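When the letters of the sequence shown are read in order and numbered with our numbering, they come out as residues 7 to 83. Positions of the beta carbon are idealized from the N, C-alpha and C atoms, including for glycine. The model shown is predicted, which means the values in this text are computed figures rather than measured ones. Reviewing the structure listed below.
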Amino acid sequence: MAIQSISFTQPNDEWLKSQVDTKEYSSKSELVNDLIRQARKQQRQIDWISAKLEKAENNGFTNLSKEQILAESKSLI
Numbered sequence: 007m008a009i010q011s012i013s014f015t016q017p018n019d020e021w022l023k024s025q026v027d028t029k030e031y032s033s034k035s036e037l038v039n040d041l042i043r044q045a046r047k048q049q050r051q052i053d054w055i056s057a058k059l060e061k062a063e064n065n066g067f068t069n070l071s072k073e074q075i076l077a078e079s080k081s082l083i
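Quick look at the structure:
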């Protein structure tokens, strides 16, 4: 595992400390790693939606219903 040294603004540091104090996370590092995992997952979803939109713009309309599109996007979560 790589070791990094990062700085936080005071409000962000206080929030991180409060999360650790409530025993939600055992350390700031664990919390930061979880936030990064969540951001990466969100980025994959954004990339998937962007690709679908680009494909739709290039190919016209889809035959999928809005329910099917929603179900497909939720399956990525």
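Which two residues bound the contiguous alpha helix (DSSP H) that contains residue i?
i, result
"glutamine 16", "16-27"
"serine 35", "34-65"
Verify whether the separation of the beta carbon atoms of residue i and residue j is less than 9 Å.
i, j, result
"serine 79", "glutamine 51", "yes"
"isoleucine 83", "lysine 58", "no"
"alanine 62", "threonine 68", "yes"
Among the options, which has the Cα closest to the Cα of residue i?
i, options, result
"serine 13", "Thr28, Gln25, Asp40 and Ser35", "Ser35"
"aspartate 19", "Ile55, Phe67, Leu37 and Asn64", "Leu37"
"methionine 7", "Asn39, Gln16 and Lys29", "Asn39"
"tryptophan 54", "Phe67, Thr28, Asn65 and Ile75", "Ile75"
Any idea what DSSP makes of residue i, helix, strand or coil?
i, result
"alanine 8", "coil"
"leucine 82", "coil"
"leucine 76", "helix"
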